[in-house]
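Chains as they are written, first to last, in our numbering: chain H, 1 to 628; chain L, 629 to 973.
Virtual Cβ for every residue (Gly too), placed ideally from N, Cα, C.
Structure record follows, encoded as structure tokens.
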Amino acid sequence: MTFAEIQAQANLEWEALNNGGRPQITVGTATCGRSAGAMAVVKAFEEELQAKGIDAALVEVGCIGPCYAEPLVNIKKPGWATVSYRNVTAEMAREIVAAFLLGDDPLAKYALGVFGEGEIAGIPNILSTPAFKPQERRVFRNCGTIDPTNINHYIANDGYIGLNKALGMRQEEVVDVMKRSGLRGRGGGGFPAGRKWEAGLKAKGTQKYVVCNADEGDPGAFMDRAVIEGDPHSVLEGMIIAGYTIGADTGYIYVRAEYPLAIRRLERAIQQAHEFGFLGQNILGTNFSFEIRIFPGAGAFVCGESTALTLSIEGKRGMPRVAPRPRTTEVGLYDKPTLLNNVKTFSSAPMIITRGAEWFASVGTEKSTGTAIFALTGKVQNCGLIEVPMGITLRDIIYDIGGGIADGGQFKAVQTGGPSGGCLPESLLDTPIDYDSLDAAGSIMGSGGMVVMDEKTCMVDVARYFLDFTEIESCGQCVPCRLGTKQLLDILKDICSGRGKPEDMDLLYELSHSVHGGSVCGLGQTAANPVLTTLRYFRDEYEAHINDRCCPAKVCKSLISYVIDKEKCVGCTLCAKSCPVQAISGEKKKIHSIDQALCVQCGVCLEKCPKKFSAIACVSPKVKQEES
Amino acid sequence: MKKVTLTIDGLQLRADEGSTVLQAALANGLYIPNLCNHPDLVPAGLCRVCVVKVDDWKISISCKLPVKEGMVISTEDPEVQRIRKSTVELLVANHPMTCLTCSRDANCELQRVASYVGITQESLKRYRRSVRQLPIDSSNPFFDIDHSKCVLCGICVRTCDELQNINAIDYVRRGVHTTVGTLGNKPITQSCCESCGECVARCPVAALAPKESPISMREVKSVCTYCGVGCGILLGVRGEKVVGVRGDRDNPVNRGSLCVKGRYGFKFINHPDRLTTPLVRKDGVLVPASWDEALERVAANFSEHKGEQFAALASARITNEDNYLIQKFTRAVMQTNNIDHCARL
């Protein structure tokens, strides 16, 4: 079949699904949807459609984005705007079938919004809500709209056009388009992708490799998984184009073994791409041949570092190569020239080739073009995956898309870039999201984790948390990272438990700089960022911990006490009954007291004390026995 | 070889093209502190102690940095000093303070870098001390492995890989829990280790230490008597006893390397069971005799057994010249070709 015939066939199938007169139900069944119960929802729809004898298409799609609304179901009924339902359960599914598919009641109470043509009274248009308006779905172009297991869906949505076009171009022309697009590596480093591709093309050697880094390991980051699960062919197409461009015949996808669904989706996509002639020998009738292999990683965070990753594929211990060393584009996998990019970088390539460099660069800033993807988590109302044009401010993301701080809390800090990133305070909320601005503020773009923290978050504890992560994930080969992260962690643990010394802050600062300057790889060089930024922006919290033995956020257990207000306690006994260590004593209808020597600061008493009394308070610094 | 000129701390040096900054410095008698570097091994760049500043802007490790014409290196730049000091302080803060009773005292690379960098009690006090508590692997009859003293320079791992091609040891576990260990982290004797001791000889601290290692009062240059390779050795002598052996790096045959026998098999020299005089059997009992008496007895008996009833087996532990004489003696005097040589031990 020619590419035109393949396209015609795919368009026919896509048209039949969308405009065939049947209602269409799409359920987001990526890992996130599944953990929220999407498979039960799919089953309920199946059973209900069969029981009621309704002829409707039920399509499983990838991650749609808003995690707070999972499981998400979209229903496109002929003649109606598409309705998006949030937090759907099996029962709600049955109710929706009865009300909306059999009847004409779209059940506005369950709807998140509508999109597409038409309006429905009582349901807002999703794309005009503050949560979606600033978003620009490019890498996520197909996530949540196509069936990721069906290659025809991808082809009908401009899929493999880029490959077909690239194969008709000279390799230098492809490099030129990539360079002009301004695309920077989406793995976090932000190295210009076009320049890397050019280096791959120019590298001498008959055997070259393309490697896709899908070893997404930052705590709280899951966008690569979403792209693979929701649109695996976009990654494959990007890799095939890259292979053609640099003259490679084999590609590897290094994907976390903890992503079983993503691996299954990739396996299926590779098989389909073979069947359609996009992979294998003589792709689309040209002389170019390319294979893609999947390599499941064994779970080491450091294997996300490019040189450790290639060594891991070779079956060696995943430890970054030591600089000064040649670039991976010259000496990479099996010591051959290797082009290594992140999932989102590869996924961006097809649309850049299809729609042109200028189109890609039309959003974003001058030095950071295109869109950025973040996994927005923490204390925001709307957690989820978002895709926004570069240059948008942190404030827009947190307050518009994220809907502000959850539970009416107060913003304290936002952490970007995972364990290598930093914590930025309120005064920097107007920092635009791009590689250079975040870098200047002391954080990094990273692979896209964004954790929002409220006033109940202790910044020393946050630094301790991230150092705990890097200490465990350090590969252990170089001294500054292996022992430096341990020392930083030991000091932070001491500060959190009230053993901090005044000179600790200087030592933290000094060590952080040495770990940064002395470590072998990016993991070590950036490991101290959470310490440096919290020291820089939240120094008062460190001082309170060390000088006053006080945790202002009341998080560090060694520095807090729970006390009973004698004026407010009515002796209801609820706290005493719930205390797991019997630290609370007091007779019924008499004032209770907490034995501080027994108390383990679990906070259950505070939760149990009825709001109308509010007799228990958490205080810091700790109180002495007689005061409680 | 083509030479390049570079400047280290204001001194102009000539160095071989293709060498590293650290090699150039050491070859010119300049000390740049280092721990994981060893002249026999490919530079690894793991200890980070040899950091320098290049051309007044870039921090780099000198052990992997190739020399370049016109390069300007600073080893005392404030940033270099800071990184180096923290790195060594971290190592010392995690190292047992048992120097006086340690077999490597006064001959320890960690001590050397620590004193060069200027580690003081005051600067160490700020750190949280933590010394790894792992049992000493004493399964090997010749050396012990004490992980608490290991600085993870990787010299042993690279020696086993690059020089010996045995690969009995490698890194196991990760991060601060990383140790050097065997496959499955079993005792060293349960691995494919051949006890050559090359790693022990190169360990910069006492993580790998010979079980007995008295310091010798003098060294005697000799040749190993175990096989025909003829490795150069230096016998450590104390009083009238041989107390240790080390490979002679100046010897072109072995350039310092030894096998398990040459390095550790020296106790026979001073063993009470060792024959130091000929024995002659008299009335069924072996009694000490003079060489003349013994040789006379041998000659008398040999002359009665010439021809096919005689055979000689020569030893690999004697010299080539002596072996030649034995075969000549067997063929010409004893009139038989029944001559062989153990040639192996």
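Using the three-state DSSP reduction, which class does residue i fall into: helix, strand or coil?
i	result
H:Glu291	strand
H:Asp105	coil
L:Thr958	helix
L:His969	strand
H:Glu5	helix
H:Pro23	coil
L:Leu641	strand
L:Phe770	coil
H:Asp504	helix
H:Glu172	helix
L:Cys675	coil
H:Asp231	coil
L:Pro706	helix
L:Lys910	strand
H:Cys481	helix
H:Ile241	helix
L:Pro832	coil
L:Tyr744	helix
H:Ser628	Confidence at H:Ser628 is low in this model, with a pLDDT of 48, below 50, so its placement is unreliable and the value that follows should be read with caution. Three-state DSSP puts H:Ser628 in coil, outside helix and strand.
H:Arg464	helix
Cα separation between residue i and residue j?
i	j	result
H:Val563	H:Val27	49 Å
L:Val871	L:Lys889	14 Å
L:Val865	L:Asn879	19 Å
L:Ile687	H:Cys481	16 Å
H:Gly422	H:Ala527	10 Å
H:Gly315	H:Val619	53 Å
H:Ala93	H:Gly116	21 Å
L:Glu717	L:Pro667	25 Å
L:Val745	H:Val388	50 Å
H:Met445	H:Thr485	22 Å
H:Ala544	H:Tyr509	17 Å
L:Val677	L:Ala942	53 Å
L:Ser767	H:Val227	52 Å
H:Gly122	H:Asp407	25 Å
H:Met450	H:Ile386	10 Å
H:Ala81	H:Ile495	56 Å
H:Ile392	H:Phe222	21 Å
L:Ser823	L:Thr853	18 Å
According to DSSP, what are the bridge partners of residue i?
i	result
L:Gly860	L:Val851
H:Asp454	H:Phe411
L:Ala837	L:Asp772
L:Asn662	DSSP lists no partner for L:Asn662.
H:Glu387	H:Ile373
H:Ile246	H:Ile246 pairs with nothing; no bridge assigned.
L:Ala942	L:His969
Does the beta-carbon of residue i have 16 or more other beta-carbons within 10 angstroms, so that it is buried, or is it exposed?
i	result
L:Cys970	exposed
H:Ala4	exposed
H:Pro78	exposed
H:Ile253	buried
H:Tyr334	exposed
L:Ile946	exposed
H:Ala357	buried
H:Leu127	exposed
Does the Cβ of residue i lie closer than 6 Å to at least one heavy atom of the ligand ZN?
i	result
H:Leu424	In terms of ligand content, the structure shown is empty, and the ligand ZN therefore cannot be addressed.
Determine which residues of the segment 474-490 of chain H have a Cβ less than 7 Å from any Cβ of chain L, and write them out in chain order. Sequence-ordered contacts of the segment 474-490 of chain H with chain L read Ser474, Cys475, Gly476, Gln477, Cys478, Val479, Pro480, Arg482, Leu483, Gly484, Lys486, Gln487, Asp490 [C-beta pairs closer than 7 Å].
Residues in the segment 681-709 of chain L with C-beta within 7 Å of chain H's C-beta atoms, listed in sequence order? Ile687, Ser688, Lys692, Leu693, Glu707
According to a CB-to-CB cut-off of less than 9 Å, which residues of the segment 114-142 of chain H neighbour chain L? none
Going along the segment 255-281 of chain H in order, which residues come within less than 9 Å of chain L, judged by CB to CB distance? none
Closer than 9 Å, Cβ to any Cβ of chain L: which residues of the segment 494-513 of chain H, in chain order? Asp494, Lys501, Glu503, Asp504, Asp506, Leu507, Glu510, Leu511, His513
Between the segment 787-812 of chain L and chain H, which residues of the former have CB atoms less than 8 Å from a CB of the latter, in chain order? If the cut-off is 8 Å between Cβ atoms, the segment 787-812 of chain L has Asp798, Tyr799, Arg801, Arg802, Gly803, Val804, His805, Thr806 near chain H.
Between the segment 714-740 of chain L and chain H, which residues of the former have CB atoms less than 8 Å from a CB of the latter, in chain order? Ser714, Thr715, Leu718, Leu719, Ala721, Asn722
Can you give me, in chain order, the residues of the segment 752-783 of chain L that have a beta carbon less than 8 Å from any beta carbon in chain H? Arg754, Tyr755, Arg756, Ser758, Val779, Leu780, Gly782
Please name the residues in the segment 315-348 of chain H whose beta-carbon is closer than 7 Å to at least one beta-carbon of chain L, in chain order. Listed by position along the chain: Arg317, Val322, Pro324.
Mind checking the segment 450-472 of chain H against chain L and listing, in chain order, the residues whose C-beta falls within less than 9 Å of any C-beta there? Thr470, Glu471, Ile472
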